[in-house]
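Asks: Dropping the structure in here first, questions after.
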Amino acid sequence: MKLASKNIVYGLLILFFLAAAYSALLSTAQEIKELSLSDLVAKVNNEEVQEIVVEGSDLKITAKDGTHYISKKEEQSSLTETLTNFGVPKEKLLSFTHVEKNPSGFLFWLGALLPTIITIIFILGFIWFMGRQVQRSNVQALGFGQSRARIIAPDNVKQRTTFKDVAGVDEAKEELREIVEFLKNPKRFLEIGARIPRGVLLMGAPGTGKTLLAKAVAGEAGVPFFQMSASEFVEMFVGVGASRVRDLFKIAKKSAPSIIFIDEIDAIGRHRGAGMGGGHDEREQTLNQILVEMDGFDTSDQVIVMAATNRPDVLDPALLRPGRFDRRVVLDLPDIKQREAILMIHSRQKPLAKNVRLRRVAERTPGFSGADLENLVNEAAILTARSLRKEITEDDLVKSIDKVILGPERKSLVITPEEKKISAYHEAGHALVAASLPHADPVHKVTVISRGRALGYTLKLPTYDRHLYSRSHFLDELAVSLGGYAAEDIVFGELTTGAADDLRKATAIARDLVQRYGMSKKIGPVTFGEQNELVFLGKELGVERNYSDETAALIDREVSSFMKKAFDTAKKIVKERRDKLDEIAHRLIEKETIERDEFAQIVGMA
Ligand code: ADP
Ligand code: MG
Ligand code: ZN
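In my numbering, the protein residues as written are -7 to 598.
Put into structure tokens, the structure is as follows:
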């Protein structure tokens, strides 16, 4: 494409020069004086003319005094005829040299043919150009089955990632160090006949650093890294995926030792045979091809296949068989120390104020993934730049936490004083109930500044990273989610749509309590509804109902009863501590935001 357009530009330039030269020639010719025929006749009669050269209808006249003229005669008649017609006597016609030149001069031909030539050149050029296009798309069609993997070569310093760039995930790094060893020094392992792991499956929530860690393995080992997202294998056409897999493995084997990384493998690695709708045949074929390639590895092939997924539960069991992805590395969400380390990594290149305590930021961000934390630091940097400061402060970082959780503030949103009052009481209800129940997470912040879709919110954070949740915790949280609803009901005797989201969340918790966690005393230790998610169907539809209608009714009753109890608890607290509720709400209307310490002071717990 580039080459073709370049050539066309050259062609046009040449044509342009030719045309310019041609008109230049013409204009030099025009500098010679032009004679009318009658003037010419007069000159001939006076015998002033030395020579007349006839070229078609053009006359080039040289006078005896050496000046040159041009003139034109009639096309049809000859010069002699023309002059005689103008009444020149016969003998005068012999007084000058008469030269007939065939109008075959270069310029004449050029003049006549130039338009045609240009047209032909254009047409040829166009045909040639189109031809190239077609060729290109032919090449593209041929290259369809090629893998198109992104490659990071070991000497690519800029994109090189090492374990140093990955914080936390120490166990995972430890496991992967073995793989690095092997890639660095395969002989040592092969000599004692060790069977080298073929595949490593990285599992973890989105943003926990799976892709990053896979790159780091390649960076540590100094081997080429072929990255491809599983969804990139599959195109519209059947068989392309499999052919891409073959191609990818072929290239990787050629540059062994190397790493193949298949990101988001669940896109093709789901249970085969499951799912509805079209398209899964192609996925199956692609998956089969991956399995075939992995089985076809020689013990001497020094290619390691890494894959990442955040849905290990839906993977086809065949992928997890020994000899395939038999190494499984789990990446957890980072705990407080790891969060601090991740924050440290991402603020390395940024101007952090000296007194920033990243530990404090880490404390306030339970449940954040590595990607969230990176985003947080970036948001803080943007905040700093926007207020024209040079250093990122702790305050910037803390402010960015809310933004990452809930989206940007919507200060411009116009809410009426009435709405603000309702919203203030609603949030005060949540906060007060949370502060009054022993198993609920403590309140960090209450605000009526709207963010994202919420008009206001109450930020509660666990005191530590939770792995297990108790029944009493859920019951208290349930009451907290209904705190806003209860407050609106009691204070205004009226309900608004603001509580809709709370109700939805609370109902989901209550349903999980009964159906998944066996926390209902009436129903007991049973789980209902197989989490057998069907591809292409929503989750709800996909939950298989493996219980009777009677049980369904029982479950519904239990869910309602949990909700009712929680609502009663919330109402009781709101009624009993109405003075506190009013105080929080008024403070919110006045200041819009209450931070943790101030809140603790109001509700009277230091
Ligand atoms: P995943 O593939 O698990 O969804 P990524 O590896 O793409 O997540 O992570 C996204 C970004 O988050 C990374 O580029 C990195 O900047 C950051 N990140 C995630 N986990 C970590 C970590 N443990 N240490 C440092 N940075 C991390
Ligand atoms: Mg990823
Ligand atoms: Zn609410």
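A virtual CB, placed ideally from N, CA and C, is assigned to each residue, including glycine.
1. Report yes or no: is there a C-beta of chain D within less than 9 Å of the C-beta of I397?
2. What three-state label does DSSP hand I441 in the structure shown?
3. Applying the 10 Å Cβ sphere with the 16-neighbour rule, what's the burial state of F528?
4. Suppose you measure from the CA of V253 to the CA of H418; what does that come to, to the nearest Å?
5. Quick one: using the 10 Å Cβ neighbour count with 16 as the cut-off for buried, is I184 buried or exposed?
6. Kindly identify the DSSP beta-bridge partner or partners of M195.
7. Which same chain residues, not among the five before or five after E386, have their C-beta less than 8 Å away from its C-beta?
8. Report yes if the C-beta of A539 is less than 8 Å from at least one heavy atom of ligand 3; otherwise report no.
9. Go ahead and label A377 buried or exposed: buried means 16 or more other beta carbons lie within 10 angstroms of its beta carbon, across all protein chains shown.
10. Note down, in chain order, each residue of its chain lying with its Cβ closer than 8 Å to the Cβ of L7, except the 5 sequence neighbours on either side.
11. Report the residue ranges of all beta strand (DSSP E) runs contained in full by the region 316 to 385; include only those spanning at least 3 residues, in chain order.
12. Kindly indicate which residue of R262, F289, V80, A197 has the alpha-carbon position closest to the one of L279.
13. For the region 492 to 505 against the region 468 to 478, do three or more pairs of beta-carbon atoms, one drawn from each stretch, fall closer than 8 Å, so that the two count as touching?
14. Identify which residue in N367, P434, I115, A244 has its Cα closest to the Cα of M220.
15. From the DSSP output, in three-state form, read off E486 for me.
16. Who are R602's beta bridge partners in DSSP?
17. Following a CB-centred definition, is T499 positioned closer than 8 Å to any heavy atom of ligand 3?
18. Report yes if the C-beta of I334 is less than 8 Å from at least one heavy atom of ligand 1; otherwise report no.
19. If we ignore side chains and look at the alpha-carbon of each, how far apart do D364 and E371 end up?
20. Mapping DSSP to helix, strand and coil, what is R463?
21. Start and end of the alpha helix (DSSP H) containing S221?
22. At a cut-off of 8 Å, would you count D157 as near ligand 1, judging by its Cβ distance to the nearest heavy atom?
23. Name the one or two DSSP bridge partners that R570 has.
24. Quick one: using the 10 Å Cβ neighbour count with 16 as the cut-off for buried, is V518 buried or exposed?
Replies: Reading it off the structure:
1. Any reference to chain D falls outside this structure, which holds one protein chain only.
2. coil
3. Residue confidence for F528 is low, a pLDDT of 42 falling below 50, so the modelled location carries little weight and cannot support an answer.
4. Residue identity check: residue 253 is Phe in the sequence provided, not Val. Near 49 Å, if we compare the C-alpha coordinates of H418 and F253.
5. exposed
6. T301, V322
7. A345, N347, V348, R349, R352, V353
8. The amino acid at residue 539 is misidentified as Ala; the sequence shows Tyr. Every heavy atom of ligand 3 is 8 Å or more from the Cβ of Y539, so no.
9. exposed
10. I110, I113
11. 319 to 323
12. R262
13. yes
14. A244
15. coil
16. Because the chain in this structure spans residues -7 to 598, residue 602 falls outside the shown range and cannot be described.
17. no
18. yes
19. 10 Å
20. helix
21. That residue, S221, is in no alpha helix (DSSP H); its beta strand (DSSP E) goes 217 to 221.
22. yes
23. According to DSSP, R570 bridges with nothing at all.
24. exposed
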